[in-house]
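K.L.:
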Amino acid sequence: MKKQVLGLLIAASFAAPVMAEEAVEVLHWWTSGGEAAALGVLKGNLEKQGVKWNDMPVAGGGGEQAMTAVRARVTAGNPPTAVQMLGFDIQDWAKQGVLSDLNAIATKEGWDKTVPQALQKFSKYNGKWVSAPVNVHSTNWVWANKEVLAKAGVTTEPKTWEEFVAALDKVQKAGFIGLAHGGQPWQEATVFDGVVLATGGLDFYKKAFIDLDPKALNSDTMVKSFDRMAQLRKYVDKDFSGRDWNVASGMVISGKAGFQIMGDWAKGEFVGAKKVAMKDFACFRTPGTQGMVSFNADQFAMFKVGADKVAAQNKLATAILEPGFQSAFNVVKGSAPARTDVPDTAFDACGKKAIKDLAEANKSDKLVGSMAHGHAVPASIKNAFYDVITRQFNGQIDSKKAAVEMASAAKN
Ligand code: GAL
2 MKKQVLGLLI AASFAAPVMA EEAVEVLHWW TSGGEAAALG VLKGNLEKQG VKWNDMPVAG
62 GGGEQAMTAV RARVTAGNPP TAVQMLGFDI QDWAKQGVLS DLNAIATKEG WDKTVPQALQ
122 KFSKYNGKWV SAPVNVHSTN WVWANKEVLA KAGVTTEPKT WEEFVAALDK VQKAGFIGLA
182 HGGQPWQEAT VFDGVVLATG GLDFYKKAFI DLDPKALNSD TMVKSFDRMA QLRKYVDKDF
242 SGRDWNVASG MVISGKAGFQ IMGDWAKGEF VGAKKVAMKD FACFRTPGTQ GMVSFNADQF
302 AMFKVGADKV AAQNKLATAI LEPGFQSAFN VVKGSAPART DVPDTAFDAC GKKAIKDLAE
362 ANKSDKLVGS MAHGHAVPAS IKNAFYDVIT RQFNGQIDSK KAAVEMASAA KN
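So, in C-alpha cells, the structure goes:
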C-alpha cells in the first residue's frame, strides 16, 4: 500500500506541467434566437477541441453597438481574439495594423481557391488574409406567412413592385399587419437596399451606392425609391418604432403580419420556431430584384493577440472555414456558405435558393455589396445614409429633400 502511494507521488512529480487553458474571446452581435443557435455550432466545435469560448455579445442588429465596443477594447490595448465584422469595417481595422496575418492557415487550407472573390476583397488587406468569412447573407429578401396570404387571398408570389403593393393591400384589408417592420435606422436601410435595386436596377444601384455618383444619388430614380419607402410605411403598424428585427420576424411567424423585408438571417428565426420553408413560410426576392443579390458576409476579424493566444486563434480560424461547419452553421443561420465547394444537400428550399441565386448572380455580374450592411461604402458614409433614410421613412423630410441629402451625405 505504502509502496503504491510512493509510486503515485513519484509519477505525479514527473507529470507534464499543467498547460494554460486555451481560450478565445469572441465579440459579436448575434443575440437573437436564430443567431445564437448558429453561433452555438461554432462554440461547440471549439469546445470539442478543448478551446474555451469566452462570449462577448453586444446586442443590436447590424452591429453598430458592437463596433463601438470593439473600438473601446482596441484603444485600451486589449482586443478580443476575434470580432464579427462586415466588409469595410474589416478594411478600416486592417489599415490600422491591428489584425493578424492568417496567410499561413489560408494557404494550408486553400482559402484562395474556395472563398468567392467578392468576399476576399474584404477578408484580405495588402495581400494578407486578416479575417475568416463565415457566411454570405443578402438583403433583398421578403419573408411571408403562407397561411396569412391564403386567408387574404394572395395566391401567387408577387413578382413586380405593383403586385407586391397589391398583396400588401389585400393582407391589410383582411385584418393583418401588411408589413412587419422594426423602426431602427439599419432596418430601414436594409429595406432600402432592395427598394433601390427594384426601382433603379443594378447599374443605378452601383452608380449611387458604390460610385457615389451625385447625379444618381440626387435623381428622379432616387426620389421614386423614397416614394416607394413612403408607400411601404402605410403597411407598417403604429408600434414599429425601435422594434428589434427578430420581433418583427416573430410577427410574421405567429401570423400577425403577412410580410417582412429583411436579410436572410430572418430565416434563422423561422427555423428556430420549427417552421418549414415553402410550407409555413415563403421566401422570395424583393419584387423587381429577381436575379440580383445585394450581399453581406459576416467575417471574424482576427486581432493581434499575445503569443499565448495565437494557437487558439488559429484553431478558431480553421474551424470557421471547415466545410462541414460551413454547412451546419449556415443551415441554422439562414445564410449561404462562404465557400463555393459546400454542397446544398442539408439546406431547406430557401437555403438552396440562396446558394443558387448567389452562384448565378456572381456569374452574371449581378452581385453587389449591401449598402445597409457595410459592403458598399465605409461606415462614415453608411451612417450618414442611414440618417437620411430613417428621417424620410418617419416623415420628417420628403422624398425630394431626401435625395438632395443623400448626395450631400456622400460628399461629406
Ligand atoms: C447583419 C449580419 C447578420 C445578422 C444581422 C442582424 O449585419 O450580417 O448576420 O446578424 O445583422 O443582426
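Residue numbers (the working numbering): 2 to 413. We put the CB at the ideal spot given by N, CA and C, even for glycine.
Cβ atoms of residue 139 and residue 295: under 8 Å apart, would you say?
P.N.:
Indexing the sequence shown from 1 puts residue 295 at position 294. Indexing the sequence shown from 1 puts residue 139 at position 138. It is a contact, given that the beta carbons lie within the stated cut-off.
K.L.:
With a threshold of 16 other CB atoms inside 10 Å of the CB of residue 393, please say whether the residue is buried or exposed.
P.N.:
Stepping through the sequence shown from its first residue, residue 393 is reached at position 392. When all chains shown are included, residue 393 counts as buried.
K.L.:
To the nearest angstrom, report how far apart residue 252 and residue 152 are at their CA atoms.
P.N.:
To locate residue 252, count along the sequence shown from 1; it is residue 251. To locate residue 152, count along the sequence shown from 1; it is residue 151. If you take the alpha carbons of residue 252 and residue 152, they lie about 16 Å apart.
K.L.:
In the DSSP assignment, find the beta strand (DSSP E) that holds residue 273 and state where it starts and stops.
P.N.:
Numbered from 1 along the sequence shown, position 272 holds the residue referred to as residue 273. Run containing residue 273: none in the beta strand (DSSP E); it sits in the alpha helix (DSSP H), 267-273.
K.L.:
Please say whether residue 51 and residue 23 have beta carbons closer to each other than 8 Å?
P.N.:
Working through the sequence shown from its first residue, we reach residue 23 at position 22. Working through the sequence shown from its first residue, we reach residue 51 at position 50. Contact: yes.
K.L.:
Mind checking who residue 250 pairs with in its DSSP beta bridge?
P.N.:
Locating residue 250 in the sequence shown gives position 249, where the first residue counts as 1. Answer is none; residue 250 lacks a bridge partner.
K.L.:
For residue 11, count neighbouring C-beta atoms within 10 Å of its own C-beta (all shown protein chains included) and say buried if the count is 16 or more, exposed if not.
P.N.:
For the purposes of this step, residue 11 is identified with residue 10 of the sequence shown, where counting begins at 1. In this predicted model, residue 11 has a pLDDT of only 49, less than 50, meaning its place in the structure is not dependable; the value taken from the coordinates is given anyway. By the 10 Å Cβ count, residue 11 comes out exposed.
K.L.:
For the beta strand (DSSP E) containing residue 303, list its first residue and its last residue.
P.N.:
By one-based count along the sequence shown, residue 303 stands at place 302. 299-303 is the extent of the beta strand (DSSP E) around residue 303.
K.L.:
In chain order, what residues of the same chain lie with their CB nearer than 8 Å to the CB of residue 280, ignoring the 5 residues before and after it?
P.N.:
Start at 1 with the first residue of the sequence shown, and residue 280 comes out as number 279. Scanning its chain for C-beta atoms nearer than 8 Å, with the 5 sequence neighbours on each side dropped, one finds around residue 280 the residues 147, in chain order.
K.L.:
Between 228, 244 and 126, which lies nearest to residue 398 when the distance is taken from Cα to Cα?
P.N.:
Here residue 398 refers to the residue found at position 397 of the sequence shown. Of the listed residues, the one whose Cα sits closest to residue 398 is 228.
K.L.:
Between residue 173 and residue 236, is the Cβ-Cβ spacing less than 8 Å?
P.N.:
Start at 1 with the first residue of the sequence shown, and residue 173 comes out as number 172. Start at 1 with the first residue of the sequence shown, and residue 236 comes out as number 235. Contact: yes.
K.L.:
What do you get for residue 362, buried or exposed, if any count of 16 or more other CB atoms within 10 angstroms of its CB means buried?
P.N.:
To locate residue 362, count along the sequence shown from 1; it is residue 361. That one is buried.
K.L.:
Any contact of the region 196-206 with the region 282-291, i.e. 3+ C-beta pairs under 8 Å?
P.N.:
yes
K.L.:
Identify, in the order they occur along the chain, each residue of the same chain with its Cβ nearer than 6 Å to the Cβ of residue 413, setting aside the five sequence neighbours on each side.
P.N.:
On the sequence shown, residue 413 is found 412 positions in, with the first residue counted as 1. So the list is empty, once near-sequence residues are dropped.
K.L.:
Please classify residue 328 as buried or exposed, where buried requires at least 16 other C-beta atoms within 10 Å of its C-beta.
P.N.:
In the sequence shown, counting from the first residue as 1, residue 328 sits at position 327. Residue 328 comes out buried.
K.L.:
Could you give the distance in angstroms between the alpha-carbon of residue 395 and the alpha-carbon of residue 87?
P.N.:
Taking the sequence shown and counting its residues from 1, one reaches residue 395 at position 394. Taking the sequence shown and counting its residues from 1, one reaches residue 87 at position 86. Answer to the nearest angstrom: the Cα atoms are 27 Å apart.
K.L.:
Within 10 angstroms of its Cβ, does residue 116 collect 16 or more other Cβ (buried), or is it exposed?
P.N.:
Position 115 of the sequence shown, counted from the start, is the residue given in the question as residue 116. It counts as buried.
K.L.:
Hey, residue 101 and residue 270 are a contact pair by Cβ (cut 8 Å); roughly how many whole angstroms apart?
P.N.:
Mapped onto the sequence shown, residue 101 falls at position 100. Mapped onto the sequence shown, residue 270 falls at position 269. That pair is no contact at about 33 Å.
K.L.:
With which residues is residue 100 paired in a DSSP beta bridge?
P.N.:
Start at 1 with the first residue of the sequence shown, and residue 100 comes out as number 99. As a beta-bridge residue in DSSP terms, residue 100 pairs with 304.
K.L.:
For the alpha helix (DSSP H) that residue 85 lies in, which residues bound it at each end?
P.N.:
As a position in the sequence shown, residue 85 is number 84, starting the count at 1. Segment 83-87 is the beta strand (DSSP E) holding residue 85; no alpha helix (DSSP H) there.
K.L.:
Hey, out of 55, 320 and 61, whose CA is closest to residue 339's CA?
P.N.:
Position 338 of the sequence shown, counting from 1, holds the residue named residue 339. It is 320 whose Cα lies nearest to the Cα of residue 339.
K.L.:
In whole angstroms, give me the CA-to-CA distance for residue 302 and residue 315.
P.N.:
The count along the sequence shown starts at 1 and reaches residue 302 at position 301. The count along the sequence shown starts at 1 and reaches residue 315 at position 314. Computed Cα separation, rounded: 12 Å.
K.L.:
Pick from 304, 193, 205 and 145: whose alpha carbon is nearest that of residue 79?
P.N.:
Residue mapping note: residue 79 aligns to position 78 of the sequence shown, counting from 1. Nearest to residue 79 by C-alpha distance, out of 304, 193, 205 and 145, is 304.
K.L.:
Hey, is residue 299 close to the ligand HEM, as in C-beta under 7 Å from one of its heavy atoms?
P.N.:
Of the ligands one can find in the structure shown, namely the ligand GAL, none is the ligand HEM.
K.L.:
Per DSSP, what are the beta-bridge partners of residue 26 in this structure?
P.N.:
Here residue 26 refers to the residue found at position 25 of the sequence shown. Note: residue 26 sits in a beta bridge opposite 55.
K.L.:
Taking 8 Å as the threshold (C-beta atoms), are residue 382 and residue 404 in contact?
P.N.:
Reading the sequence shown from its first residue, position 403 is the one you call residue 404. Reading the sequence shown from its first residue, position 381 is the one you call residue 382. In this structure, residue 404 sits away from residue 382, with a CB-CB distance that is not shorter than 8 Å.
K.L.:
CA-CA distance, residue 1 and residue 342?
P.N.:
Residue 1 lies beyond the range of the chain shown here (2 to 413); nothing can be said about it.
K.L.:
Quick check on the DSSP output: the beta strand (DSSP E) that includes residue 261 runs from which residue to which?
P.N.:
Position 260 of the sequence shown, counted from the first residue, corresponds to residue 261. Note, residue 261: beta strand (DSSP E), 258-262.
K.L.:
With 16 other CB atoms within 10 Å as the buried threshold, where does residue 336 fall?
P.N.:
As a first step, residue 336 must be located in the sequence shown, where it is residue number 335. Answer is buried; the Cβ neighbour count reaches 16.
K.L.:
So residue 195 packs on residue 247, CB below 8 Å; how close in whole Å?
P.N.:
Sequence index remark: in the sequence shown, residue 195 carries index 194 (1-based). Sequence index remark: in the sequence shown, residue 247 carries index 246 (1-based). Not a contact, Cβ separation roughly 19 Å.
K.L.:
Going along the chain, which residues of its own chain have a beta-carbon closer than 7 Å to the beta-carbon of residue 13, five neighbours each way excluded?
P.N.:
On the sequence shown, position 12 is the one that residue 13 refers to. Only weak support is given to the placement of residue 13: the predicted model assigns it a pLDDT of 48, under 50, and the value that follows is read from those uncertain coordinates. Counting only Cβ-Cβ distances below 7 Å, and skipping sequence neighbours, we find nothing.
K.L.:
Which stretch, first to last residue, makes up the beta strand (DSSP E) that contains residue 179?
P.N.:
Looking up residue 179 in the sequence shown gives position 178. 178-180 is the extent of the beta strand (DSSP E) around residue 179.
K.L.:
Three or more C-beta pairs under 8 Å: does that hold for the region 214-231 against the region 91-101?
P.N.:
No, because fewer than three Cβ pairs between the region 214-231 and the region 91-101 fall closer than 8 Å, the two stretches do not touch.
K.L.:
Applying the criterion that 16 or more other CB atoms from any shown protein chain within 10 Å of the CB defines a buried residue, is residue 85 buried or exposed?
P.N.:
To locate residue 85, count along the sequence shown from 1; it is residue 84. With 16 or more other Cβ atoms within 10 Å, it is buried.
K.L.:
From residue 356 to residue 331, what distance separates their C-alpha atoms?
P.N.:
Start at 1 with the first residue of the sequence shown, and residue 356 comes out as number 355. Start at 1 with the first residue of the sequence shown, and residue 331 comes out as number 330. Residue 356 and residue 331: Cα-Cα distance of roughly 10 Å.
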